[in-house]
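S.K.: In this text, residue positions in the sequence shown follow this note's numbering: the first is 20, and each later residue adds one.
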Amino acid sequence: YKDVGGLVSDYEALTERYRRENREVRLHECRSACTLALSLPNVCVYPDAKVKFHQAYNAINREVDLGVSSRLFASYPTAVQARLGYLTREYRVLSGTELIALGMRNCEGGPTMIASRKQQRAPSTSVASARPDGQSGASLAAFGDIAQKVQSAVATALATGGQTTDPIRVAVADRQQLTGLARGSAEANALPEPAPLPPRRPPSEAFAAPEPAPMSPAYLQLISGAQPILGPRLVRTMASN
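(1) Specify the secondary structure class of Ala93 as computed by DSSP and reduced to three states.
(2) Apply the 10 Å Cβ neighbour rule to Ile79 and answer buried if 16 or more other Cβ atoms are within range, or exposed otherwise.
(3) At the level of alpha carbons, what is the spacing between Tyr110 and Asn125?
(4) Which residues in the same chain have their Cβ closer than 7 Å to the Cβ of Val27, if we skip the five residues on either side of it in sequence?
(5) Quick one: is Tyr105 buried, meaning 16 or more other Cβ sit within 10 Å of its Cβ, or exposed?
(6) Per DSSP, what are the beta-bridge partners of Val62 in this structure?
(7) So, for Cys63: in the same chain, excluding its five sequence neighbours on each side, which residues have a beta-carbon less than 6 Å away from its beta-carbon?
(8) Measure the alpha-carbon distance for Asn61 versus Gln170 and round it to whole angstroms.
(9) So, for Lys69: in the same chain, excluding its five sequence neighbours on each side, which residues have a beta-carbon less than 7 Å away from its beta-carbon?
(10) Give me, in chain order, the residues of the same chain whose beta-carbon lies closer than 6 Å to that of Ser94; leave out the 5 immediate sequence neighbours on both sides.
(11) Between the alpha carbons of Arg81 and Glu31, how many angstroms are there, rounded?
(12) Give me the Cα-Cα distance between Ile119 and Gly128, rounded to the nearest whole angstrom.
(13) Taking the straight line between their C-alpha atoms, what separation do you get for Gly122 and Ala98?
(14) Of the choices Pro66, Gly25, Glu212 and Pro218, whose alpha-carbon is the least far from that of Thr116?
(15) I need the boundaries of the beta strand (DSSP E) containing Leu113, first residue and last residue.
(16) Could you please give me the residues that DSSP links to Lys69 through a beta bridge?
(17) Would you report the Cα separation of Glu43 and Leu103, rounded to the nearest angstrom?
(18) Please name the residue or residues paired with Leu83 in a DSSP beta bridge.
(19) Pull up the CB-CB distance for Arg108 and His73, whole angstroms please, since I reckon it's below 8 Å.
(20) So, helix, strand or coil for Arg124, using DSSP?
(21) Using the three-state DSSP reduction, which class does Glu332 fall into: helix, strand or coil?
(22) Does Thr107 come out as helix, strand or coil in the three-state DSSP assignment?
(23) Leaving out the 5 sequence neighbours to the left and right, which residues in its chain are closer than 8 Å to Pro96 when beta-carbon positions are compared?
(24) Counting only the same chain and skipping the five closest in sequence on each side, list residues whose C-beta sits under 6 Å from that of Gly25.
If you want it as structure tokens, here you go:
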């Protein structure tokens, strides 16, 4: 960054804060009190940086303050002190390349690698799948052999010298038994069949009696007390037809 300096007391407080927080400070153009940053462990400079050093002075009367100047000079690394020799009222400039040659860290160097804790890989879990329909009985026997081998391996791993270990039993489900249980459960939960309907009732006699044929004597029988519209001879003629 670019910093033109200021009160040494303010920069001393800021430098101590950065030191506590372990912050990184990058110097590009710096002069006066900001050179205190060279005392930080996480400071770096760019190769084209310009860092200007001079004595501290009183901001009111512009007189040099030798006590503050001594504190400022004592904060620099030993190699920088040897290169400067002492502070003067005039600026003394050191480039970033010179400071890097004196041991300051290059901001354009490789990135700082932060070690991270390795993540532990979760153990893999094997899940045995059921035998599909249509598979031969030999596969089931092979599965039983595998279970027996697993039983023997676990028993051997857990056994100690001179001590006997109880056998570990591995339960293998019978697919036919499971299928029978599933079918029994399905039959128990099945809905009952509907009851048969009652037989149909015989037809009523009122509707079963045959109707008289049209134009028959019964059909043409006059109602008691009624008068015929046609003459008797015409009625007999129509009935005979």
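Built from N, CA and C at the ideal position, the CB exists for glycine as well.
M.R.: By the coordinates alone:
(1) To locate residue 93, count along the sequence shown from 1; it is residue 74. Shown here, Ala93 sits in a helix according to DSSP, grouped into three states.
(2) Locating residue 79 in the sequence shown gives position 60, where the first residue counts as 1. With fewer than 16 other Cβ atoms within 10 Å, it is exposed.
(3) Within the sequence shown, numbered from 1, the residue matching residue 110 stands at position 91. Within the sequence shown, numbered from 1, the residue matching residue 125 stands at position 106. Those two C-alpha atoms are separated by around 23 Å.
(4) Position 8 of the sequence shown holds residue 27. For Val27, where only same-chain residues beyond five positions count, the Cβ hits under 7 Å are Ala52, Ala75, Val87 and Leu91.
(5) Here residue 105 refers to the residue found at position 86 of the sequence shown. By the 10 Å Cβ count, Tyr105 comes out exposed.
(6) Indexing the sequence shown from 1 puts residue 62 at position 43. Answer is Val44.
(7) To locate residue 63, count along the sequence shown from 1; it is residue 44. Taken in chain order, the residues that qualify are Arg45, Arg124 and Cys126.
(8) Counting from one through the sequence shown, the residue named residue 61 turns up at place 42. Counting from one through the sequence shown, the residue named residue 170 turns up at place 151. Approximately 59 Å, taken between the alpha carbons.
(9) If you number the sequence shown from 1, residue 69 lands on position 50. These residues qualify, in order along the chain: Glu48, Val112 and Ser114.
(10) The sequence position of residue 94 within the sequence shown is 75, counting from 1. So the qualifying residues of the chain are Leu55 and Ser58.
(11) Translated into positions along the sequence shown, residue 81 becomes position 62. Translated into positions along the sequence shown, residue 31 becomes position 12. If I take the Cα positions, the gap works out to 20 Å.
(12) For the purposes of this step, residue 119 is identified with residue 100 of the sequence shown, where counting begins at 1. For the purposes of this step, residue 128 is identified with residue 109 of the sequence shown, where counting begins at 1. Distance between the alpha carbons of Ile119 and Gly128: 11 Å.
(13) Against the sequence shown, residue 122 aligns to sequence position 103. Against the sequence shown, residue 98 aligns to sequence position 79. C-alpha separation (whole angstroms): 8 Å.
(14) By 1-based counting over the sequence shown, the position of residue 116 is 97. Cα-wise, what sits closest to Thr116 is Pro66.
(15) Translated into the one-based positions of the sequence shown, residue 113 becomes position 94. First-last of the beta strand (DSSP E) with Leu113: Arg111 to Ser114.
(16) Indexing the sequence shown from 1 puts residue 69 at position 50. Answer is Glu48 and Ser114.
(17) Here residue 43 corresponds to residue number 24 of the sequence shown, with the count starting at 1. Here residue 103 corresponds to residue number 84 of the sequence shown, with the count starting at 1. Roughly 24 Å between the two C-alpha positions.
(18) Residue 83 sits at position 64 when you count from the first residue of the sequence shown. Looking at the sequence shown, residue 83 is not Leu but Val. Tyr76, per the DSSP bridge assignment.
(19) Taking the sequence shown and counting its residues from 1, one reaches residue 108 at position 89. Taking the sequence shown and counting its residues from 1, one reaches residue 73 at position 54. Their Cβ separation, rounded to whole angstroms, is 6 Å, which keeps Arg108 and His73 in contact under 8 Å.
(20) As a working mapping, residue 124 is identified with position 105 in the sequence shown. Here Arg124 sits in strand by DSSP.
(21) For the chain, the structure presents residues 20 to 260; residue 332 sits outside this window and is missing.
(22) Sequence index remark: in the sequence shown, residue 107 carries index 88 (1-based). Secondary structure of Thr107 (DSSP, three-state): coil.
(23) Translated into the one-based positions of the sequence shown, residue 96 becomes position 77. Closer than 8 Å at the Cβ level, and outside the excluded window around Pro96, lie Leu57, Ser58, Leu121, Gly122 and Met123.
(24) By one-based count along the sequence shown, residue 25 stands at place 6. If we look at Gly25 and ignore the five residues flanking it on each side, its Cβ neighbours are Ala52.
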